[in-house]
Every structure is written in structure tokens, then in C-alpha cells.
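Here is the structure we will look at.
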Amino acid sequence: MQAISSEDFLAHRFEHVVFAGGGNRCWWQAGLVEVLSQLPCWNPRQLLGASAGAGIATAFATGRLQESLHAAIARFEATPRNVEWRDLLKGKRPFALPRIYPEWITTFLEAPDLARLRALNLRVQVAITRPIPLLPLSLSTMIALTLYATEKYWMKTFHSRLPHKVGLRPEYHDLGAAVDLEEARTLLLASAAAVPITPTHRVHGRPALDGGFYDNLPLPQDRADDEGTLILLTRHNPARPTMFTYEKRTYLQPAAPVAAINMDCTSGDNVRKTYEQGQREALGMA
18 MQAISSEDFL AHRFEHVVFA GGGNRCWWQA GLVEVLSQLP CWNPRQLLGA SAGAGIATAF
78 ATGRLQESLH AAIARFEATP RNVEWRDLLK GKRPFALPRI YPEWITTFLE APDLARLRAL
138 NLRVQVAITR PIPLLPLSLS TMIALTLYAT EKYWMKTFHS RLPHKVGLRP EYHDLGAAVD
198 LEEARTLLLA SAAAVPITPT HRVHGRPALD GGFYDNLPLP QDRADDEGTL ILLTRHNPAR
258 PTMFTYEKRT YLQPAAPVAA INMDCTSGDN VRKTYEQGQR EALGMA
């Protein structure tokens with residue numbers, strides 16, 4: 018891991034941009050790319066996202082990032098609680114997120130947006146995780162969650178290693194190649210399935226888990242060690258530089274902890290602050 022300066026960062030030509038997962042922390046990515054996309058270093062041919070990062074990447078690609086931002090702020094301001102326990106009596110999930118996230122996707126992915134995406138010289142790839150073969154889905158999900166927590170919070174590894182060893186596998190799906198709008202939206206929902214808060218979804222007839230369960234920092238399969246690959250993190254880690262290179266790739270993380278909380282659906286102000294932090298930090302590099 019090698020720290021780099023803003024000058025070194027801006028000297029790159031980034032053709033492959035990875036949007037890490039992180040729930041509402043991904044709004045930092047949104048503010049950041051709106052500024053970075055105006056600079057000469059920004060020249061992507063491929064955007065790759067996991068979980069909510071895939072949603073931000075798609076909203077950027079369809080040109081509807083601002084609409085998705087304002088919709089999220091308004092919806093969160095109108096949501097008093099993350100959990101409505103009385104919904105359990107109605108046989109419904111008590112969490113606000115499963116109701117809000119599908120609505121949010123419609124703010125940047127309608128039929129004209131999908132058509133526009135297909136016409137771009139820009140691929141948006143969505144990462145999902147396939148469960149462990151021959152195991153019940155519930156057990157596979159439990160193992161995936163345990164490994165995720167083990168690597169991120171206890172072992173503090175960078176890119177995940179354990180999921181591959183137990184049989185979990187990543188898949189990347191080209192959003193523009195989806196057969197219709199429903200399939201495209203399902204890909205985004207599957208990639209961000211925060212089990213057990215949200216349900217799992219089926220992609221091409223088979224269950225899919227959250228894209229971050231395999232690796233919250235998905236790597237382009239054909240450009241994993243490319244100097245033109247930029248990985249946008251979402252969590253501030255004081256032990257790492259804000260900008261650094263690792264195995265030729267360039268990484269960029271928030272310079273300070275963001276205001277937004279991963280799956281909190283009650284604070285539009287925190288979303289706004291997180292988006293504005295991304296803008297400020299990108300402007301500071303220019």
C-alpha cells in the first residue's frame with residue numbers, strides 16, 4: 018500500500034471504476050463522482066458496483082443522480098423509524114429499508130433510462146454473490162454473514178478471501194444486457210439484499226445474495242491489476258491514506274467518517290451531508 022498525492026491521482030486515466038458497497042455511505046461516492054467526472058482523469062469504460070454502490074453507479078450512468086439524491090432525502094425525512102414492529106402482526110417485514118429501496122431504484126431506472134444505458138459506450142456491471150452449492154439458502158446466508166463480519170471487523174482484511182474457500186462465488190452482470198426493466202431492477206435489488214433485513218432475490222432462476230457478501234470491493238475480472246482501475250471506498254479507515262495504490266490499482270476513501278449510517282432510513286440531512294462531503298473532497302483534489 019503506497020500513499021499518493023492529488024497530483025499523482027489526477028495524472029491517471031481511470032477506465033474502470035469500482036463502487037464499493039456501504040449503504041447510505043455510498044452517497045459520498047455520488048458527490049465525489051459528480052466532480053471527478055468533470056476532470057481529465059475520468060475516462061471510464063466500465064463501472065462495477067456492489068450493493069448500494071451498484072445503485073449509485075447506475076444513477077450516475079443514467080444521468081439521474083440528482084433526482085435519486087433528492088428522492089432519498091425526501092423519503093428519509095418522511096420516515097420516522099427504521100423498524101415498525103407492529104407490521105409483524107400483519108405478517109410483514111418490520112423494516113423500512115425493503116420498502117424504500119425498490120422505490121428509490123425507480124427514480125433512476127425507468128424504461129428510457131435502460132434504453133439510454135444500452136446506447137452508452139459504458140458498461141455498468143452489478144456484483145451478486147451465489148450461495149454455497151448443496152446447502153440450504155438460510156445456512157449459506159448465515160455463513161456468508163459470519164465470514165463478512167469476521168473479515169471486515171475482526172481480521173480487518175482488505176479484499177475478502179474466506180468466502181471463496183467455502184464455496185461462495187461472485188457473478189458480475191451487465192445491467193445494459195438485461196432482457197427488460199424488471200430484470201435490471203432485480204439485479205440491483207439482489208446485489209443490495211441486506212439479509213435478514215431484506216429478502217433475497219432470484220437472478221436467472223437461482224437465488225442471489227448481496228454482492229458485498231463475497232467482496233465488498235469487487236474487482237474487474239479482466240482489469241484487476243490495471244493502473245486504470247479506481248476503487249471508491251465508503252468507510253473512513255484512519256490506518257490508511259486517503260489516496261493510495263495497491264497492486265497497481267488506485268483506492269480513494271473518505272478523508273473523515275461520513276455522516277450517513279449504513280442502513281438508517283430516517284435522516285435525509287445525513288445523506289445530504291455525506292453527498293456534500295464527497296463533493297468537497299473531490300474539489301479539494303482538483
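Counted from 1, the sequence shown has number 288 at position 271 by our numbering; the numbering is strictly sequential.
C-beta atoms are modelled at their ideal positions from N, C-alpha and C, and glycine is treated no differently.
Computed from a predicted structure; not experimentally measured.
Residue pairing from DSSP places Y263 in a beta bridge opposite R266. The closest CA to that of W121, considering only A136, A88 and L269, is found on A88. The C-beta distance from P180 to Y231 rounds to 5 Å, short enough to meet the 8 Å contact threshold. Runs of the alpha helix (DSSP H) lying entirely within the stretch 46-74, each at least 4 residues long, are absent.
Your pair F26 and G70 does not check out as a contact, with CB atoms roughly 19 Å apart and the cut at 8 Å. At least 9 Å separates the beta-carbon of A76 from that of P235. Annotation: A256 to G108 spans about 45 Å, alpha carbon to alpha carbon.
Put simply, of T251, R252, E200 and Y268 the residue whose alpha carbon is nearest the alpha carbon of T123 is E200. Three or more Cβ pairs closer than 8 Å define a contact, and the stretch 48-67 meets that threshold against the stretch 285-300. The three-state reading of DSSP puts H181 in helix, counting H, G and I together. In this structure W102 is exposed. Its beta-carbon is surrounded by fewer than 16 other beta-carbon atoms within 10 angstroms. Secondary structure at F112: strand, using DSSP grouped into helix, strand and coil. Taking C-beta separations shorter than 6 Å and ignoring five residues to either side along the sequence, the partners of L206 in its chain run H218, following chain order. Unbroken alpha helix (DSSP H) stretches of 4 residues or longer found wholly inside the stretch 127-181: 128-136 and 154-166, given in chain order. The three-state reading of DSSP puts R223 in strand, counting E and B together. Its chain contains T79 as the residues whose beta carbon lies nearer than 7 Å to that of R133, once the 5 sequence neighbours on both sides are disregarded; these appear in chain order. Here M280 is not near N60, since their CB atoms are 9 Å or more apart. Where E188 is concerned, the enclosing beta strand (DSSP E) starts and stops at R186 to D191.
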